[in-house]
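At position 113 of the sequence shown (counting the first as 1) the number is 160 in our numbering, and the numbers step up by one without a gap.
Structure first, then comments.
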Amino acid sequence: MNAHTRVIQAFEDFEAETLRMMQPPFRSTFGARTWSDAFKEAQPYQWLVKGIIPKREAILVYGAPQTGKSYGVQTLSLCIARGIPFHGHKVAQAGVVYCAFEGGKGFMARQRAYALHHQLGADEPIDMVVLTRRADLFTTDEDTELLIKEIEHWASTFCHPLGLVVLDTFSAATPGANENAGEDVSRVKGRVMRIIERCGCAVVVVHHKPAGGGRPRGHGSLTGDFETTIDIDWLTRGEGREVVQVRDDNGRPIRFAKVTKQREGEQGLTWRFVLRQVVLGQDHDGDNITSCVTEPPAETEATSTKDQLSGAKGPRRTVDGRWYLRPNLEMAMRALQEAITRYGRVPDGDDVRAPDGAKCVTVTEWRDEWMRLAKTEDDPETLKERVKKARDRAVEKLMPAEFIGKDEEWVWRTWKRIFNVDQAEQVRSPPPDDEQRDNLPDDLPF
Numbered sequence: 048m049n050a051h052t053r054v055i056q057a058f059e060d061f062e063a064e065t066l067r068m069m070q071p072p073f074r075s076t077f078g079a080r081t082w083s084d085a086f087k088e089a090q091p092y093q094w095l096v097k098g099i100i101p102k103r104e105a106i107l108v109y110g111a112p113q114t115g116k117s118y119g120v121q122t123l124s125l126c127i128a129r130g131i132p133f134h135g136h137k138v139a140q141a142g143v144v145y146c147a148f149e150g151g152k153g154f155m156a157r158q159r160a161y162a163l164h165h166q167l168g169a170d171e172p173i174d175m176v177v178l179t180r181r182a183d184l185f186t187t188d189e190d191t192e193l194l195i196k197e198i199e200h201w202a203s204t205f206c207h208p209l210g211l212v213v214l215d216t217f218s219a220a221t222p223g224a225n226e227n228a229g230e231d232v233s234r235v236k237g238r239v240m241r242i243i244e245r246c247g248c249a250v251v252v253v254h255h256k257p258a259g260g261g262r263p264r265g266h267g268s269l270t271g272d273f274e275t276t277i278d279i280d281w282l283t284r285g286e287g288r289e290v291v292q293v294r295d296d297n298g299r300p301i302r303f304a305k306v307t308k309q310r311e312g313e314q315g316l317t318w319r320f321v322l323r324q325v326v327l328g329q330d331h332d333g334d335n336i337t338s339c340v341t342e343p344p345a346e347t348e349a350t351s352t353k354d355q356l357s358g359a360k361g362p363r364r365t366v367d368g369r370w371y372l373r374p375n376l377e378m379a380m381r382a383l384q385e386a387i388t389r390y391g392r393v394p395d396g397d398d399v400r401a402p403d404g405a406k407c408v409t410v411t412e413w414r415d416e417w418m419r420l421a422k423t424e425d426d427p428e429t430l431k432e433r434v435k436k437a438r439d440r441a442v443e444k445l446m447p448a449e450f451i452g453k454d455e456e457w458v459w460r461t462w463k464r465i466f467n468v469d470q471a472e473q474v475r476s477p478p479p480d481d482e483q484r485d486n487l488p489d490d491l492p493f
């Protein structure tokens, strides 16, 4: 090999090295983090509405028909657009694009009602745009791309960065999709995630659940990839064997919203609201044209939860916050806790609507522990039937008052602690005597 050849080879090496240096640094497509990254200062979790709506994530809001879920999400959206607190939670002001795919024209009447109720004029600098024509996020990618371009356009007109897109409702945005087919649901969720990534915002999807049902309508995987899920339903209480709606002092049914899933925050946050009718004008027959807005329930001190507790016969809670229950319900909770201690586990799959990590048991396991605790001379079959009926009555009282959760055959406890079931955390208050406990009212507070 002569000197001339060595020079050429050296130049080729130089050229290859130069090309390598000119290439842009590698950037992970999938958000890779190294071991050393774990020791860097953690970035705080970002919220649009503190504790409720995270930034740049997918949120599912679901509710039974006529529960006011769209009114609730409209109020949420306008609080974000105006930068005002939402039910006491801090809000990061941001632009909102609300896709009113179900009843778009009627939604504008709701906007006018909100403006009248809050005394807002047309010149208010509120970064919120309502899209009243439907987009198909299921059949092809075409409408998804058109929707993203539309969102990006309106975001460019806002004074504040885009923070939220609302898709109201899931079924209206997915014509032809089978909600019970995992493949169809996955396709739609993929397009929701594309909106989040391309537009850099959170997306709230409004969805239905069956009347009286505890889970969103459709395939069990529907909630799997959502960062947050919120259930909106009627507020109810048990009266004997009946479950009735709770009304405020003006006779209006109270709606109840609950964060049922929150990956990076507190699960179980709740708030209440009612619908207030607003007159928008009159039609050609002279009849009122109306719509509604949300507002807090009208509750006097006599009907507030706190005073219901303190005004009841006998004490209702210990100093450390544990609840006193009537003996039959206390037995039900003791049996449930024994069953959870013995058999409790996290059910496999996403079909059970229990909180993440909650230990559950079956209703049969609950009944068996109840039978074991019951001291009776009844024959086994008679005892089994008696306990089964007592368990079913207990569910009717304990579930509306949020002492337990139940989905099909699975049962779990909530955060509420029970006297004589859970250990005291602080100084125990004097327990009620037998007469006081027997006089506790049947309708549990919540």
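For each residue, glycine too, the CB sits at the ideal point set by N, CA and C.
All figures in this text were calculated on a predicted structure; none of them were measured in a lab.
Cα-Cα separation, residue i to residue j
i: Leu66; j: Ile195; result: 37 angstroms
i: Ile387; j: Leu184; result: 43 angstroms
i: Glu59; j: Met69; result: 15 angstroms
i: Gln324; j: Ser338; result: 6 angstroms
i: Leu487; j: Arg464; result: Residue placement at Leu487 is poorly supported in this model, since its pLDDT is 49, which falls under 50; the coordinates still yield a value, given next. If I take the Cα positions, the gap works out to 17 angstroms.
i: Thr347; j: Val291; result: Residue placement at Thr347 is flagged as unreliable, the pLDDT there being 47, under the threshold of 50; the coordinate-derived value follows with that caveat. Distance between the alpha carbons of Thr347 and Val291 is about 20 angstroms.
i: Glu104; j: Trp94; result: 10 angstroms
i: Phe154; j: Ala147; result: 7 angstroms
i: Ala79; j: Phe73; result: 11 angstroms
i: Phe61; j: Thr76; result: 30 angstroms
i: His136; j: His331; result: 42 angstroms
i: Asp398; j: Ile336; result: 43 angstroms
i: Ile243; j: Thr186; result: 19 angstroms
i: Pro427; j: Gly229; result: 44 angstroms
i: Pro447; j: Val458; result: 13 angstroms
i: Ala182; j: Glu149; result: 11 angstroms
i: Arg433; j: Glu455; result: 21 angstroms
i: Val474; j: Lys444; result: Low per-residue confidence applies at Val474: pLDDT is 42, beneath 50, and the placement is therefore not dependable enough to give any value.
i: Gly404; j: Gly396; result: 12 angstroms
CB contact flag (residue i, residue j, <8 angstroms)
i: Leu214; j: Ala141; result: no
i: Thr221; j: Val235; result: yes
i: Leu269; j: Val321; result: no
i: Val326; j: Tyr161; result: no
i: Ile277; j: Val239; result: no
i: Asp174; j: Val143; result: yes
i: Arg563; j: Arg460; result: The question about residue 563 has no answer, for the chain in this structure spans 48 to 493.
i: Trp413; j: His134; result: no
i: Pro344; j: Ile301; result: yes
i: Arg180; j: Gln121; result: no
i: Ile198; j: Cys246; result: yes
i: Glu311; j: Tyr118; result: no
i: Leu316; j: Phe303; result: no
i: Arg440; j: Trp417; result: no
i: Thr191; j: Arg241; result: yes
Exposure label - residue i; buried when at least 16 CB within 10 Å
i: Arg389; result: exposed
i: Leu420; result: exposed
i: Trp82; result: exposed
i: Leu193; result: exposed
i: Cys206; result: exposed
i: Asp415; result: buried
i: His165; result: exposed
i: Ile131; result: exposed
i: Thr429; result: exposed
i: Tyr145; result: buried
i: Gly298; result: exposed
i: Lys87; result: exposed
i: Glu64; result: exposed
Candidates the options, of which the one nearest residue i by Cα
i: Val408; options: Val399, Arg392 and Ala401; result: Arg392
i: Ala382; options: Val321, Ile451, Ala401 and Asp426; result: Ile451
i: Glu449; options: Glu416, Lys431, Lys436 and Pro402; result: Pro402
i: Ala111; options: Glu104, Thr337, Lys308 and Val253; result: Val253
i: His200; options: Leu178, Asp84 and Ala156; result: Leu178
i: Ser218; options: Leu107, Arg159 and Val399; result: Leu107
i: Leu209; options: Val250, Met240, Gln166 and Glu230; result: Val250
i: Pro172; options: Thr187, Arg181 and Thr204; result: Thr204
i: Leu372; options: Asn467, Phe133, Val176 and Gln90; result: Asn467
i: Lys435; options: Val410, Gly396, Trp457 and Glu455; result: Val410
i: Val442; options: Met418, Gly333, Glu432 and Leu376; result: Leu376
i: Asp272; options: Pro91, Lys308 and Asn335; result: Lys308
i: Asp469; options: Leu167, Gly404, Trp370 and Asp439; result: Trp370
i: Trp462; options: Glu313, Tyr109 and Ala224; result: Glu313
i: Ala471; options: Ala169, Gly368, Asp296 and Asp426; result: Gly368
i: Glu342; options: Gln384, Gly328, Asp295 and Trp417; result: Asp295
i: Tyr109; options: Lys431, Thr275, Asn227 and Ala228; result: Thr275
i: Arg129; options: Glu455, Gly168 and Gln113; result: Gly168
i: Ile99; options: Ala85, Ser124 and Thr114; result: Ser124
Distance cut-off 7 angstroms: residue i Cβ against heavy atoms of the ligand MG
i: Thr216; result: Within the structure as shown, the ligand MG is missing, as the structure has no ligands at all.
Whole-number beta carbon distance between residue j and residue i, since they are thought to touch under 8 angstroms
i: Lys97; j: Ile279; result: Contact doesn't hold; Cβ gap of about 19 angstroms is too wide.
i: His266; j: Asn227; result: 5 angstroms
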